[in-house]
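S.K.: First to last, the sequence lines map onto chains A and B. Quick note on numbering: the first sequence equals residues 0 to 1124 in numbering that gives the first Met the number 0. Quick note on numbering: the second sequence equals residues 0 to 506 in numbering that gives the first Met the number 0. By construction, the Cβ of each residue, glycine as well, lies at the ideal position given by its N, Cα and C atoms. What you are looking at is a predicted structure, and each value in this text was computed from that prediction instead of being measured.
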Amino acid sequence: MKKNDPKQRHRRCPALRKMLKIMKLTTLLFFIALFQVSAKSYSQETKLSLKFENETLENVFSKIEANSEFSIFYKNDLIKNSKEVTGEFKDVLIINILDEVLKSENLTYNIKDKLIMIVPKDINKINISDQQQKSVSGKVTDQTGASVPGASVVIKGTTTGVITDNNGNYSLTNIPANAILQFSFVGMKMQEVKVGTQTSVNVSLTEESIGLEEVVAIGYGVQKRVNLTGSIATVDKKNLENRPITNSTMALQGATGVYVNQTSGRPGADAGTIRIRGIGTMSDANPLVLVDGIEYDLRDVNPSDIESISILKDAASSAIYGNRAANGVVLIKTKTGQKGSLKVDYNTYIGSQSIMQVPDNIVTNAVEYMEGKNRALTNEGKPIEYAQTLLDDYKAGVTAGTDPWKYANTNWMNVMFKNAPIQEHNLRFSGGSERTIFSASLGYLDQDGILLNTYAKKYSININLASEVTKSVKIGANLMSNYWINTESGYTTNDGNGEGGLMGLIYRGLPMQAPLAKDGTYADQWVRVPGHNFFRNPYALAYEGSHTNKSQRTLASVYIEFKLPFNILYKVTGSANLYFMNEKFANPVINLTNTSTGVISPMGNIPARGVIQRNFNNLNLTNFHTLNWSKGIGDNALSALLGFSIETFESSNFSAQNQGYLGNELTELSAGSTNPLVSGTSAKSSLMSYFGRVNYGYKSKYLFEGNFRYDGSSRFSKGNQWGLFPSVSVGWRINEEGFMKDIKQISNLKFRASWGQLGNQMIALFSYVDAVSIGQNYNFNNTVVSGAAITSVSDPKISWETTTMTNIGLDGGLFNNSLTFGIDVFNNLTTGILRQIQIPAQVGNLGGPFKNIGSVSNKGFEISGQYSNRIGQVKYNLGGNLMRVKNNVENLNGQIYYTGNRITKEGDPIDSFFGLEAIGIFKSVEEVASSPVQNSITRPGDLKFKDLDGNKIIDNNDRKVIGSVIPSYTYGFNLGVEYKNFELTAFFQGVSGLNTIYTGNLSKPYNNGAGVTRNWLTDSWTPENPDAKLPILTTGSGNPFNFQTSSFWVSNASYLRMKNIQLSYNFPVNLIKHVGLNSLKIYANALNYLTFSKFKLTDPERLLTKDGVDYPNAKTLTLGVNLSF
Amino acid sequence: MEKYILTICLGLTFLSCTSILDIEPTDRFTEETFFKTKEHAEAAVNATYASLLGNSLLSGSNAIFFEDATPNAYTYQNNNGFDYIATGIQDAANSSVINNCWGQCYAGIGRANTLLSKIESIPVTSISDALKKRFIAESKFLRAVFYTQLWALYGGVPLILDAPDFEKQANLPRNSADEILSQIIKDLDEAAVELPTSYAVVDKGRATKGAAYAMKARALLWAGKWTEAATAAKSVIDMKAYTLFPDSRGTFFFENEGNSEVIFDLQYKFPEFVHSMDIILDAFNTVAPLADLVNDFYMANGKPIIDPTSGYDAKNPYVNRDLRFYASINYPGAKYKGATVSPTTYPRTGYGQKKYTIYKDNEVPAAIKADNQSELNYIFLRYADILLMYAEAQNEAVGPDQSVYDALKLIRLRAKMPEFMPGLTKEQMRQEIRHERRIELAGEGMYYFDIRRWRTAEVVMNADIFNYLGVKFGTRKFNKDRDYLWPIPTIALQTNSALVQNPGYGK
């Protein structure tokens, strides 16, 4: 006796509902087994009302399933000759119904909560007559050692068997001499044991390792993983569980084929950029993110509400999203409720964050700093800046130690960064009645930043409701909302103000500068540093003034689902995604005390005291309709989807500022009195689409899928608005073939191939019109007058970028799927790449038009594998994935595009670093004289560049591609070990083959009055140290030729990071159940604790093209509890 | 019930999908909707003025940074690339001013050209003929300003007179310097005819007839066309519309903006239109006057300090100097911002530039300006310059006649300097006028153009530089075969292969 054949079930029921059910069942059974939860009897509580009129047992069971959460398993043979049933039941328990409908059959049943097995009555009868046969007994357990009740034990080749009792015990008599016993249980791998001479056979079943029955979210629906023909990565919830990720973008890190770069760790502003299979555009390369089917910002999803993540990577899976899908699609499904009694989950953690990586070689000794600067200036032929008397005075002052405020040796990294607490609470109520399920969750995140006086708080709420209003109408609603507030210095860490904001100032901090003066007031510098005339004391700036960002995003959606005749399901969804953001900068006046003279003066060269307030509003309305149909005819399974959608996007902003404040305290716009300024604007865009999908399967062996989307976008001019995006894919489940049946080692093998076209429409609105910009104002006699001018030109013929994706894949499982693997080879060719081209300045110095300029390819492969097994009581798993992608600009019609120190040209990756090739350091005057001319001031100690064009002159014509910002390899691996109730998991992630050129403070010595790293003082060229690694010591502006973009300054930004390691303990159920808990888990988690990288000046996980430094990422240690009751 | 819900759902769909994709922008005009009214034309002219303030063209800070590439001043920080220019190591890519100036001039030219080619399409019912002519004249004046800058710095450049058109103009090669000059003079002549001599208060700051003559004088002077230059300068003088402001320092005070000496200025207003001259000149000290300039100020008795009879005391070097020294330069011991300047106040050379800061000598300022908080207008053309232009051109064309003396007399009188001795030879007068230009216009960015047109840069820029103690702290280099012109920027060459680089420069 075994579980009903899934293929048959698939035909018998609407596929979608069934799949969901199976998924739930699998999960449920898994938990039953794992936690030994005594089945809280759904079957003892649920009362059904049903009516049968001359119906087959098959129909009876279907009706029971359709009207309850029960799933009924049986072998078709058992009921094929059954009698028809008639009867009416009102509020009757399932056992009473079953007793009634089975009374005339030689059948009985076994109920395990929502699972019902129909078995022959005589299975437990013992045939005593055959004395030749023996008997055997034993116990069936799961891998944790817990008994498995309800498992079937069948003698192979017969229908004879038993079901294990509540303790997992069984006993069989009268078995043939050479009997083989088959042990099986839903969601577990079947095991066969030769009885031989044994009288006792104990079996431990393991769960089906990768759920082939697992259901994966796809565009506008779900699909069993086994039937997928496209390339879809899913994020293992297990990897995600309990990681203290503060931004849901980080949840994708480690997924096969995905590169997530978290460039800033500022609380509330720490979203990573997501790149799927390389970069195929020069415009917006962000994937389309849909939460429960609606476009939404991943940042605003509470990680704890995520049920599953699917990443659609090839055309087969994402073409149904048309002109927004070329960068890949991320589908997030949030948690829903389940029928049954109320379930409460509470998850919480507290933790401590600290800075992950700071430059460890900054010179923090003031005298050393000053002496080094003098040396640099001497090398430049300039007079020294720090007189010997000053140096002597400073040395004496430091030695005396009585006035460390004046004679400071400050390490600004230590001053400005701290260990910061973090805590998060998530509470979820879920449950459901017969017809309605719900889930409601509340989340609260309270995070202090590792940089002084930065913090964020997030409040989130997510409510999911679904109700079967009538037999044919289902209504559901989802409300997801969050409110973030984050605060930092008014000087801002990431951008804006001089020297790259507060982070720039910290990287610019000098040892002679102190945070505080002796009397506890903010300190001013007393040693004057040219280029650093104003000490914008970072410590003071961190505490005075503020930049506060409050954002609220709400997604409200409602759907109605109708069951129409001919098995057609019609679904209408309407949703609103509303975003409101209020940003306020309060710029203070800060008084500083000179640590030598005691003179108090206001901090110089910071924005004038005042308030700037900006409001942003976005409203995105979505309305879509889908028709779903499926039918099985013999060995053929056919399903189809047809849909229509309209989306509108409106945004508006408003900004006002005021000055003339009486103090730093009041930060309302109205509290100011002078120089008010105001501005604001709004924009609108829309999309209209038709889409559809056809699936066809033959014997579940041969799979075919076709998709299309016909998209109209307002971003293009009339006549260029509509585009068709088709895809086709096939799958061949090789292991289902007869010739594979006997190869026991191979439990799954599937070949996939897909082709399709996708679009990317994300360019600035109205790029197709020659616009006359307003705001080109002037003033006459101090009165502002309006000006308007064309500032850029356009190409009205532009259209979306088209990416043609070809993907071939192989999925496999070996040894009962204990080893699984996937291989994908892809070729994505994007044509008609949209880019604002640079036109010669002589044409009015206009911004060039956006044009469809050429093509870029991303070719590569992905490999992933998982292996799980056990050694005695220890269960373990290992997994990893690797993506290789080669980005190549195929065709730009001969054009070359420059952006700062980067270039986009044919034959190289997009946006490659472009500069001279450094080939060493000049060692002698003779070497300079005999080399190609660099410039009039070249001398020994300077960098030597290669004369690529051989004209004996080094200039811009000698530049070449010297680095790439696109990783060639992205990889991750995970491991897990379980022993009894303990579990240890670890997750590593890395990228390689990518570069950065950091040119901010500390990248060059004494950069415009900034600091210096020690290697410049110890390992730069001097006549005595001609083999030094670095060229001659000069200030950053003292030698423009050494510091120009060249291969010498290209850093390898590859890294391998232990993203996460976690140790958890699950309390045994029998310990906690008498306090009313269903589960209790405690864990300790370490995030980002190990990084291997050659790049040391900042975190290598940075915006590779950025000159400066962003708010650093934190490593976080947390302790947490998950409990449910 | 289900049927009703179904009907409503379907109905909603088709209700919402009429012409949903047709959206017009609400935050800008399109070419179809613009240039229809007088207001549009005026906005287009205003936008051309706005280009004057653009990055690294004549914007306040940049105009005075030109000092740093002369023996007048020094920049520690290589602001806008001027130290590279000063030391002769500029190339086509490493100096931001060389790139930005090119683009910004063409931005202004493009805007002027747009107006000139489109204004005729505005119906007469919307704009009077007089106003139309004035807008055209203003645009031609501005176009000439931009072309003069290009012509002076790069030599011949592509001459574009039509509204920006990528297809037609992207690959135009350079015209000759003479062609550019001809167009400049033509534009200014045409502008002068239509421009008014003055405006009502609300329009004060627009181009005037005087400005057109003055600009013409400048272009011709720079071209060495002495007779024509003298005539143009004389036209300004003969207008009798301008007089020297009584006090040199006061000419540059905020409260005296637009005074009687101002012919054309670039107008700033906090908080919308700002520059950073106050912080640059004072706190940053990145236009640090050099000893060479300070020593070039005569004694109040009109004698150079190297003259043994001048009364110059090296131990007390800052007494009894030309009044313009005190109006232009901060030096150790000077009174400024209500305090005494110390040798470390201006750490680069010991000197700071006072001219173009708004601070007074004897008042502690209520607030110190930070970056982008200064709003003092930059005087692009002033009457003192016209007088000096006339004197120079007339002297070169005719010789030191009385009109030369008369022009110089006005300037000397204001500075309370003795008049020039009669009977100077043409050569002596030339040297005095050149010296007078350096002193009178010190700190205004003009000297850079002067030493180039005089071809003296190869002398004065191949020299060491010294601070207030006479300590050498650097050496300048000037390649006479190359550096009289800037390179065509790398980006311009990259985007238009028809452009030919100036001699001596790489790509």
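1. With H, G and I counted as helix, E and B as strand and the rest as coil, what does DSSP make of Q933 of chain A?
2. In three-state DSSP terms, what is Q148 of chain B?
3. For the region 672–696 of chain A, list every residue whose C-beta sits within 7 Å of some C-beta in chain B, in sequence order.
4. Looking at the structure shown, is E227 of chain B part of a helix, part of a strand, or coil, going by DSSP?
5. Give every residue of the same chain whose Cβ lies closer than 8 Å to the Cβ of G107 of chain B, excluding the five residues on either side of it in the sequence, and list them in chain order.
6. What residues in the region 326–360 of chain B have a beta carbon less than 9 Å from any beta carbon of chain A?
7. Along the chain, where does the beta strand (DSSP E) that runs through Y482 of chain A open and close?
8. Exposed or buried, what is I310 of chain A when buried is set at 16 or more other beta-carbons lying within 10 Å of its beta-carbon?
9. Nearest chain B C-beta to G497 of chain A closer than 8 Å, yes or no?
10. So, with DSSP's three-state summary, where would you put T489 of chain B?
11. In chain order, what residues of the same chain lie with their CB nearer than 6 Å to the CB of Y1082 of chain A, ignoring the 5 residues before and after it?
12. Do V318 of chain B and K336 of chain B come within 8 Å of each other at the CB atom, strictly closer than that value?
13. What runs of the alpha helix (DSSP H), each 4 residues or longer, lie entirely inside the region 323–379 of chain A?
14. I want to see whether chain A comes within less than 8 Å of G257 of chain B, judged by CB atoms only; does it?
15. Which chain B residues sit within Cβ distance under 7 Å of N781 of chain A?
16. For P417 of chain B, is the classification buried or exposed, using 16 other Cβ atoms within 10 angstroms of its Cβ as the cut-off for buried?
17. Going along the region 33–50 of chain B in order, which residues come within less than 9 Å of chain A, judged by CB to CB distance?
18. Between the Cα of Q775 of chain A and those of A:T829, A:I762 and A:S791, spot the shortest distance and give me the residue it belongs to.
19. As a quick exercise: from A:I762, A:Q612, A:V215 and A:K50, pick the residue whose alpha carbon is nearest that of K89 of chain A.
20. For chain B, check one thing: does any of its Cβ atoms lie closer than 8 Å to the Cβ of Y897 of chain A?
21. At 4 residues or longer, what runs of the alpha helix (DSSP H) sit wholly inside the region 556–632 of chain A?
22. Below 8 Å on the Cβ atoms is my guess for A682 of chain A versus S650 of chain A; work out the distance and round it to an integer in Å.
23. DSSP has E423 of chain A in a bridge; who is on the other side?
24. To the nearest angstrom, how far is the alpha carbon of Q352 of chain B from that of T339 of chain B?
25. DSSP state of F65 of chain B, grouped into three classes?
26. My output table needs one value for Q43 of chain A: the three-state DSSP class, helix, strand or coil.
27. At 4 residues or longer, and completely inside the region 340–398 of chain B: list those alpha helix (DSSP H) runs for me, N to C.
28. Should N78 of chain B be labelled buried (16 or more other beta-carbon atoms within 10 Å of its own) or exposed?
29. DSSP on G1035 of chain A, reduced to helix/strand/coil?
30. Could you work out which residues of chain B lie near P839 of chain A, taking near to mean beta carbons separated by less than 7 Å?
31. Where does P302 of chain A fall in DSSP's three states?
32. Closer than 7 Å by beta-carbon distance: list the chain A residues that pair up with E119 of chain B, in chain order.
33. Between the C-alpha atoms of D128 of chain B and K117 of chain B, what's the straight-line distance to the nearest angstrom?
34. Any residues in the region 587–621 of chain A with a beta carbon nearer than 8 Å to a beta carbon of chain B? Which ones, in chain order?
35. What are the start and end residues of each continuous alpha helix (DSSP H) run of 4 or more residues lying completely inside the region 805–836 of chain A, in chain order?
36. Check whether the region 620–628 of chain A and the region 639–657 of chain A are in contact - that is, three or more C-beta pairs closer than 8 Å.
M.R.: In brief:
1. Here residue 933 of chain A refers to the residue found at position 934 of the first sequence. Residue state, collapsed to three classes: coil.
2. On the second sequence, position 149 is the one that residue 148 of chain B refers to. Of the three classes helix, strand and coil, the one that applies to Q148 of chain B here is helix, per DSSP.
3. N674, L676, T680, S681, A682, K683, S684, S685 and M687
4. If you number the second sequence from 1, residue 227 of chain B lands on position 228. When secondary structure is reduced to three states using DSSP, E227 of chain B falls in the helix class.
5. Numbered from 1 along the second sequence, position 108 holds the residue referred to as residue 107 of chain B. Answer for G107 of chain B: T47, S50, L51, G53, L56, L141, R142, V144 and F145, listed in chain order.
6. T343, P346 and R347
7. Residue mapping note: residue 482 of chain A aligns to position 483 of the first sequence, counting from 1. That run of the beta strand (DSSP E) goes V472 to E487.
8. By 1-based counting over the first sequence, the position of residue 310 of chain A is 311. Buried, since its Cβ has 16 or more Cβ neighbours within 10 Å.
9. The sequence position of residue 497 of chain A within the first sequence is 498, counting from 1. It does: the Cβ of G497 of chain A has a partner Cβ on chain B nearer than 8 Å.
10. One-based indexing of the second sequence puts residue 489 of chain B at position 490. Three-state result, T489 of chain B: helix.
11. Here residue 1082 of chain A refers to the residue found at position 1083 of the first sequence. Result list for Y1082 of chain A: N241, Q1061, S1063 and G1119, in chain order.
12. For the purposes of this step, residue 336 of chain B is identified with residue 337 of the second sequence, where counting begins at 1. For the purposes of this step, residue 318 of chain B is identified with residue 319 of the second sequence, where counting begins at 1. Going by C-beta atoms, K336 of chain B is not nearer than 8 Å to V318 of chain B.
13. Counting whole runs of 4 or more residues, the region 323–379 of chain A contains the alpha helix (DSSP H) stretches 365–378.
14. The residue you call residue 257 of chain B lines up with position 258 of the second sequence. At least one chain A Cβ lies under 8 Å of G257 of chain B.
15. Mapped onto the first sequence, residue 781 of chain A falls at position 782. Simply K268.
16. Against the second sequence, residue 417 of chain B aligns to sequence position 418. Answer is exposed; the Cβ neighbour count stays below 16.
17. F33, F34, E38, H39, E41, A42, A43, V44, N45, A46, T47, Y48, A49 and S50
18. Looking up residue 775 of chain A in the first sequence gives position 776. The shortest Cα separation from Q775 of chain A among A:T829, A:I762 and A:S791 belongs to A:S791.
19. Here residue 89 of chain A refers to the residue found at position 90 of the first sequence. It is A:K50 whose Cα lies nearest to the Cα of K89 of chain A.
20. The residue labelled residue 897 of chain A in the question sits at position 898 within the first sequence. True, the Cβ-Cβ gap to chain B drops below 8 Å.
21. Within the region 556–632 of chain A, no alpha helix (DSSP H) run of at least 4 residues lies entirely inside it.
22. Taking the first residue of the first sequence as 1, we reach residue 682 of chain A at position 683. Taking the first residue of the first sequence as 1, we reach residue 650 of chain A at position 651. At roughly 5 Å, the Cβ-Cβ gap stays under 8 Å, so A682 of chain A and S650 of chain A are in contact.
23. As a working note, residue 423 of chain A is residue 424 in the first sequence. BP columns for E423 of chain A point to A:Y348 and A:L444.
24. Counted from its first residue, the second sequence places residue 352 of chain B at position 353. Counted from its first residue, the second sequence places residue 339 of chain B at position 340. Taking the straight line from one Cα to the other gives about 15 Å.
25. Numbered from its first residue, the second sequence carries residue 65 of chain B at position 66. Helix, per DSSP.
26. Stepping through the first sequence from its first residue, residue 43 of chain A is reached at position 44. Here Q43 of chain A sits in helix by DSSP.
27. 382–396
28. By one-based count along the second sequence, residue 78 of chain B stands at place 79. Buried: at least 16 other Cβ atoms inside 10 Å.
29. Stepping through the first sequence from its first residue, residue 1035 of chain A is reached at position 1036. Shown here, G1035 of chain A sits in coil according to DSSP, grouped into three states, outside any helix or strand.
30. For the purposes of this step, residue 839 of chain A is taken as the residue at position 840 of the first sequence. Going along chain B in sequence order, the residues near P839 of chain A (Cβ under 7 Å) are A169, A491, T494 and N495.
31. In the first sequence, residue 302 of chain A corresponds to position 303, counting from 1. Helix, per DSSP.
32. Locating residue 119 of chain B in the second sequence gives position 120, counting from the first residue. Here the premise fails: no neighbours, minimum Cβ distance about 17 Å.
33. Sequence index remark: in the second sequence, residue 128 of chain B carries index 129 (1-based). Sequence index remark: in the second sequence, residue 117 of chain B carries index 118 (1-based). The alpha-carbon atoms of D128 of chain B and K117 of chain B are separated by roughly 14 Å.
34. P601, G603, N604, I605, P606 and A607
35. none
36. yes
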